[in-house]
Structure formats: structure tokens, C-alpha cells
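Be aware that the sequence shown starts at -3, since it is given in our numbering, and climbs by one per residue.
Heads up, the thing below is written out as C-alpha cells.
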Amino acid sequence: MRALIINCSPVKTGATAEIVNIVSEGLAHRYDSRSVCIADYSFSFCKGCRSCHTTAECVQHDDVDKLMNEFEQADVIVSVAPSYWADVPGQFKAFIDRFL
Ligand SMILES: Cc1cc2nc3c(=O)[nH]c(=O)nc-3n(C[C@H](O)[C@H](O)[C@H](O)COP(=O)(O)O)c2cc1C
């Protein structure tokens, strides 16, 4: 079983990264766990074209494709995000818009 832990902070080595490490260690006895950081991926905002509503695919092709591949290989996904003005960082929100 594979676990993917995603650091949704734009800071690769901050407090969120520490939590990612703790979660990874906690899952290590049950899962083949892998960690990624959203800051290592470059992608555009959703265009709102709604093509995906009929095709289930995005018209844009960038690093979201790589993250989608990581998600598809995982049995368990843990997203770890800091609070940015009582919400998730914009980078993660942009990914959610594209990913869904
Ligand atoms: C733009 C911005 C907005 C933030 N908004 C909040 C907030 O609303 N509430 C809160 O408790 N902390 C807030 N923080 C603090 C971060 O959530 C906190 O420092 C977090 O540990 C940062 O994670 P990082 O170490 O991965 O950068 C904010 C930080 C930034 C940079």
C-alpha cells in the first residue's frame, strides 16, 4: 500500500514540512510512503472553461499531470497545509481547482 503525503506550503523546509515528516514516519510501518512539496511543481490556474465536465481531462498540460500521477498511484493521500488567512495557501487552492 502506498501513501502520498503532500506538503501544501510554498515553504519546503518550514513547520508544515516538519509535520509532513512526522506523518511520514507514523505511516512508515504500514505504507510505502512518499512525500512531495507543492513548491516543486509549476502549474497554471484553472481557466474555468469547464471542458473537464465532459472530458474528465484538463485542457492544460503542466506539472498538474505529474501530481495527478502521484495521486493515482497512492492508496492513501494526506495533505498538510498551513493556515493562510484562515484558509489554505493559494498554491494549494490553485491545485485543487485544476485537480478536481
Ligand atoms: C500569508 C500568510 C498568512 C497566514 N495566515 C495565518 C492565519 O490566518 N492563521 C494562523 O494561525 N496563521 C497564519 N499564518 C502563519 C502560518 O500558518 C504558519 O506560520 C505556518 O506554520 C507556516 O507554515 P510553513 O512553515 O510551512 O511556512 C500565515 C502565514 C502567512 C505567510
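Every residue, glycine too, gets a C-beta built ideally from N, C-alpha and C.
query: Helix, strand or coil: how does DSSP classify C4 here?; result: coil
query: Could you give the C-beta distance for T12 and S5, rounded to a whole number, given that I count them as a contact under 8 Å?; result: 4 Å
query: Would you report the Cα separation of V84 and P78, rounded to the nearest angstrom?; result: 6 Å
query: First and last residue of the beta strand (DSSP E) that includes D59?; result: Not the beta strand (DSSP E): D59 falls in the alpha helix (DSSP H), residues D59 to Q69.
query: Candidates A90, R(-2), T51 and S47: which alpha carbon is nearest L23's?; result: R(-2)
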